[in-house]
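Notes for the one structure printed next.
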Amino acid sequence: MTPILIRGGRVIDPSRGTDGPADVLLEDGRISAVGRGVVADEGATIIEAAGKVVAPGLIDLHVHLREPGQEDLETVSTGAMAAAAGGFTAVCAMPNTDPVTDNQAAVGFIVSQAQRAGKARVYPIGAVTLGQRGEQLAEFGELVGAGAVAVSDDGKPVATSHMMRTALEYARTFGIPVADHCEDMSLAQGGAMHEGLVSTRLGLKGIPAAAEEIMVARDIILAELTGGHVHLCHMSTRGSVELIRRGKERGIRVTAEATPHHFSLTHERCEHYDTNAKMNPPLREAADVEAIRRGLKDGTIDVVASDHAPHHYDAKEREFDLAPNGIIGLETALGVAIRDLVETGVLSLPELVERMSTRAARIFNLPGGTLAVGAPADVVVFDPTERWVVRPDAFYSKSRNTPYGGATLVGRAHQTIVRGRVVFDLSTV
Amino acid sequence: MTADATAVPALGKDLIGLETLSAAQIRVILDTAEPFKEVSERAIKKVPALRGKTIVNLFFEASTRTRISFEFAEKRLSADTVNVATQGSSVSKGETLVDTARNLEAMRIDMVVIRHGASGAAKFLGDRIESNVINAGDGKHEHPTQALLDILTLRDRFGELAGLKVAICGDILHSRVARSNIWCLTKLGVEVGVCGPPSLLPREVEALGVTVLPRIEDAIAWADALNVLRLQLERMQAGFIPSLREYNRVFGVTRERLERAPKDLVILHPGPMNRGVEIDSDVADGPFSVILPQVTNGVAVRMAVLYLLAGGTGAVAAAARGETS
Numbered sequence: 306m307t308p309i310l311i312r313g314g315r316v317i318d319p320s321r322g323t324d325g326p327a328d329v330l331l332e333d334g335r336i337s338a339v340g341r342g343v344v345a346d347e348g349a350t351i352i353e354a355a356g357k358v359v360a361p362g363l364i365d366l367h368v369h370l371r372e373p374g375q376e377d378l379e380t381v382s383t384g385a386m387a388a389a390a391g392g393f394t395a396v397c398a399m400p401n402t403d404p405v406t407d408n409q410a411a412v413g414f415i416v417s418q419a420q421r422a423g424k425a426r427v428y429p430i431g432a433v434t435l436g437q438r439g440e441q442l443a444e445f446g447e448l449v450g451a452g453a454v455a456v457s458d459d460g461k462p463v464a465t466s467h468m469m470r471t472a473l474e475y476a477r478t479f480g481i482p483v484a485d486h487c488e489d490m491s492l493a494q495g496g497a498m499h500e501g502l503v504s505t506r507l508g509l510k511g512i513p514a515a516a517e518e519i520m521v522a523r524d525i526i527l528a529e530l531t532g533g534h535v536h537l538c539h540m541s542t543r544g545s546v547e548l549i550r551r552g553k554e555r556g557i558r559v560t561a562e563a564t565p566h567h568f569s570l571t572h573e574r575c576e577h578y579d580t581n582a583k584m585n586p587p588l589r590e591a592a593d594v595e596a597i598r599r600g601l602k603d604g605t606i607d608v609v610a611s612d613h614a615p616h617h618y619d620a621k622e623r624e625f626d627l628a629p630n631g632i633i634g635l636e637t638a639l640g641v642a643i644r645d646l647v648e649t650g651v652l653s654l655p656e657l658v659e660r661m662s663t664r665a666a667r668i669f670n671l672p673g674g675t676l677a678v679g680a681p682a683d684v685v686v687f688d689p690t691e692r693w694v695v696r697p698d699a700f701y702s703k704s705r706n707t708p709y710g711g712a713t714l715v716g717r718a719h720q721t722i723v724r725g726r727v728v729f730d731l732s733t734v
Numbered sequence: 019m020t021a022d023a024t025a026v027p028a029l030g031k032d033l034i035g036l037e038t039l040s041a042a043q044i045r046v047i048l049d050t051a052e053p054f055k056e057v058s059e060r061a062i063k064k065v066p067a068l069r070g071k072t073i074v075n076l077f078f079e080a081s082t083r084t085r086i087s088f089e090f091a092e093k094r095l096s097a098d099t100v101n102v103a104t105q106g107s108s109v110s111k112g113e114t115l116v117d118t119a120r121n122l123e124a125m126r127i128d129m130v131v132i133r134h135g136a137s138g139a140a141k142f143l144g145d146r147i148e149s150n151v152i153n154a155g156d157g158k159h160e161h162p163t164q165a166l167l168d169i170l171t172l173r174d175r176f177g178e179l180a181g182l183k184v185a186i187c188g189d190i191l192h193s194r195v196a197r198s199n200i201w202c203l204t205k206l207g208v209e210v211g212v213c214g215p216p217s218l219l220p221r222e223v224e225a226l227g228v229t230v231l232p233r234i235e236d237a238i239a240w241a242d243a244l245n246v247l248r249l250q251l252e253r254m255q256a257g258f259i260p261s262l263r264e265y266n267r268v269f270g271v272t273r274e275r276l277e278r279a280p281k282d283l284v285i286l287h288p289g290p291m292n293r294g295v296e297i298d299s300d301v302a303d304g305p306f307s308v309i310l311p312q313v314t315n316g317v318a319v320r321m322a323v324l325y326l327l328a329g330g331t332g333a334v335a336a337a338a339r340g341e342t343s
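In order, the protein sequence lines correspond to chains A and B.
Residue numbers for the first sequence, in our numbering: 306 to 734.
Residue numbers for the second sequence, in our numbering: 19 to 343.
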């Protein structure tokens with residue numbers, strides 16, 4: 306394997322608290338040197354990174370890659386390539402595939418598809434319950450044995466408190482988090498957007514913030530009861546942020562993620578019945594966006610995760626009520642985050658890298674998230690100031706469902722390196 | 019073209035809702051409806067204003083009154099009309115709305131009147147075809163021609179609308195009629211109250227510029243006119259109210275309650291009525307009910323909307339007389 310020398314960049318490594326000009330040498334799939342004036346053997350690939358940030362590769366704890374079952378929307382391969390183009394060196398794939406990723410063979414299939422693709426790493430998340438039906442626990446031990454890094458019934462909440470309790474208890478055996486999609490279905494049923502003034506005006510059934518917060522409160526209480534690690538997916542309301550903050554203050558093992566759209570867009574975006582603004586949880590109010598940003602700042606919200614959810618354009622070209630929830634986000638997450646968190650003064654660049662890489666690795670116990678010598682050579686080189694216009698037809702993802710089409714984002718991955726190999730290079734696109 | 023045509027603010031391509039119309043545009047529709055009222059009183063109820071225009075009435079939801087009212091309006095303007103109901107059409111074979119729209123467009127039609135169960139469906143269609151689109155009710159969003167005919171009826175009765183107090187009573191949450199009425203009435207200077215069980219009021223409804231009247235007695239004491247909405251019977255199964263009987267007891271518009279009012283109230287209802295639920299029969303059939311005049315005005319209002327969207331100008335009187343413009 307050809308060594309890679311990344312020269313002259315601003316090297317940010319939150320795992321060691323460092324931020325400054327340095328060179329990074331990658332050899333044999335590992336980081337072999339970080340410092341000034343690092344010299345590489347002749348024949349090494351040189352990446353000139355002046356003006357750019359060199360950071361541990363981004364890690365997305367929440368994506369939907371649709372394989373197996375809906376390969377017309379995305380595959381492990383196209384999703385892993387979209388991830389690499391967005392600066393991600395690893396993504397965690399939710400188990401709501403068809404069939405559901407609720408057994409070791411299904412987990413193994415995703416692992417092997419990811420190896421075959423050879424782009425970003427893909428870590429499967431196993432289902433909490435068989436078929437995500439909420440009735441019988443999946444075999445966590447076998448899921449983990451085959452490569453699963455967490456369990457979740459994402460797309461649906463773990464509906465009964467008993468099942469959630471059992472899952473949190475049992476997951477402790479394997480040291481994995483239970484990631485929950487927090488939604489009280491009896492409150493949310495039939496809802497198409499956030500319940501508020503805009504839903505009133507548009508005549509769309511609303512999903513109240515309480516539908517999320519009730520389950521957040523339950524999950525935190527159950528995490529306290531069981532000592533298990535609950536990871537709360539895609540937090541969207543100010544009330545949720547406050548509940549998590551109080552839970553963390555009390556030492557409960559709760560971690561949480563927020564998506565770029567929940568810290569950048571509000572429910573007004575549903576105006577004109579734009580189905581690319583339809584997702585679950587829905588876009589909320591300006592005060593919620595503000596609370597999510599503050600939560601990311603003070604660490605209440607641990608990480609940014611995209612909830613990358615590909616859908617075919619036919620499916621989105623529908624009446625709002627009938628269109629599916631979700632948007633893709635792997636190729637826009639970094640640009641939205643820098644524009645709306647860093648340029649707005651909410652987070653420093655090192656803080657953002659920590660939320661998008663180091664802490665993500667830590668809470669799901671993944672390799673990466675660090676530039677320490679000897680660590681896997683998973684690295685991103687990005688321009689933190691480049692302004693670029695989102696062109697969905699240029700996405701590597703198979704799908705185009707984004708509310709950011711035509712938007713100007715700030716910050717863009719130029720090289721993404723996984724296991725010491727360049728898997729994405731903007732200059733050759 | 020006549021001189022006064024320039025004074026008419028155009029409605030645009032479609033009539034999707036009243037939220038986006040100005041007071042001036044609403045007044046143009048109401049004023050245009052006036053001369054068309056007379057057409058329906060003639061022995062030969064037909065003028066040639068839309069001769070040669072083809073109109074599709076695309077009804078994805080059951081409707082009797084609105085569909086027939088539109089059809090009469092179209093026929094009295096001499097348009098060629100086709101009715102499509104979802105039963106027995108390609109929609110029941112799974113065709114999407116966008117494909118239905120493209121197929122209609124390919125047949126070179128001029129206008130589509132659409133009734134659909136999903137909020138936003140009329141706008142969805144209007145954004146995708148060049149033909150004029152008229153919303154005949156989309157989900158819980160808007161039902162603009164219903165509100166326009168309600169207001170035309172109020173104007174007939176009261177003359178001046180500004181300063182009037184109208185209470186909309188019942189299931190505001192699920193009502194497109196309520197939303198269109200709120201937009202339209204507030205733009206014309208009418209004070210609007212809404213009254214219903216809190217479980218059937220939408221979130222932040224006050225922000226639409228209305229007063230919430232907690233009890234039906236409050237609404238009756240406050241208002242000059244009540245617009246009594248139909249209570250969909252399935253709301254009880256869905257748990258919004260305990261029973262129809264209790265609804266009538268607590269929120270029903272009854273003669274006893276009206277007799278305690280400080281003044282006589284005009285009673286509107288968009289129909290179809292549930293007699294003995296939201297409105298008692300002796301109120302619906304009583305002297306202050308304008309429920310049937312509403313239906314009559316519905317044809318005139320729809321003629322006005324069709325005429326204006328088809329490019330009709332201020333020369334309405336001429337059109338109503340039967341002269342082609």
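Where a beta carbon is used, it is the ideal one built from N, C-alpha and C, also for glycine.
Bear in mind that the values here come from a model prediction, so they are computed numbers and not experimental data.
Residue-chain proximity (residue i, chain A), Cβ-Cβ < 8 Å
i: residue 112 of chain B; result: no
i: residue 141 of chain B; result: yes
i: residue 195 of chain B; result: no
i: residue 162 of chain B; result: no
Cβ-based neighbour list, residue i, same chain, cut-off 7 Å, excluding 5 preceding and 5 following
i: residue 275 of chain B; result: 234, 235 and 238
i: residue 349 of chain A; result: 307, 308, 309 and 310
i: residue 119 of chain B; result: 143, 146 and 147
i: residue 301 of chain B; result: 271, 272, 273, 276, 285 and 307
i: residue 501 of chain A; result: 511, 572 and 590
i: residue 493 of chain A; result: 512 and 516
Cutoff 8 Å: residue i Cβ touching any chain B Cβ
i: residue 679 of chain A; result: no
i: residue 475 of chain A; result: no
i: residue 571 of chain A; result: no
i: residue 501 of chain A; result: yes
i: residue 576 of chain A; result: no
i: residue 446 of chain A; result: no
i: residue 626 of chain A; result: yes
i: residue 315 of chain A; result: no
i: residue 623 of chain A; result: yes
i: residue 511 of chain A; result: yes
Proximity below 8 Å, CB of residue i to CB of residue j
i: residue 320 of chain A; j: residue 674 of chain A; result: yes
i: residue 50 of chain B; j: residue 326 of chain B; result: yes
i: residue 403 of chain A; j: residue 375 of chain A; result: yes
i: residue 418 of chain A; j: residue 382 of chain A; result: yes
i: residue 424 of chain A; j: residue 719 of chain A; result: no
i: residue 514 of chain A; j: residue 558 of chain A; result: no
i: residue 446 of chain A; j: residue 406 of chain A; result: no
i: residue 681 of chain A; j: residue 391 of chain A; result: no
i: residue 223 of chain B; j: residue 208 of chain B; result: no
Residue from the options with nearest C-alpha to residue i
i: residue 655 of chain A; options: A/308, A/313 and A/322; result: A/322
i: residue 711 of chain A; options: A/573, A/537 and A/581; result: A/581
i: residue 547 of chain A; options: A/588, A/598, A/500 and A/506; result: A/598
i: residue 722 of chain A; options: A/341, A/702, A/589 and A/385; result: A/385
i: residue 171 of chain B; options: B/318, B/97 and B/336; result: B/318
i: residue 539 of chain A; options: A/709, A/632, A/469 and A/667; result: A/632
i: residue 166 of chain B; options: B/182, B/35 and B/116; result: B/35
i: residue 177 of chain B; options: B/153, B/128 and B/52; result: B/52
Check: residue i C-beta below 7 Å from any heavy atom of the ligand SAH
i: residue 686 of chain A; result: Looking at this structure, you won't find the ligand SAH or any other ligand, since it has none at all.
Contact set for residue i: own chain, Cβ-Cβ below 6 Å, skip 5 residues either direction
i: residue 148 of chain B; result: none
i: residue 472 of chain A; result: 433 and 483
i: residue 79 of chain B; result: 133 and 135
i: residue 672 of chain A; result: 681
Same chain, Cβ closer than 8 Å to residue i, five either side skipped, listed in chain order
i: residue 99 of chain B; result: 72, 73, 74, 75, 89, 92 and 93
DSSP beta-bridge partners of residue i
i: residue 183 of chain B; result: B/209
i: residue 475 of chain A; result: In DSSP, residue 475 of chain A forms no bridge with anything.
Test: residue i CB closer than 8 Å to a CB of chain C
i: residue 506 of chain A; result: The question asks about chain C, but that chain is absent: this structure's protein chains are A and B.
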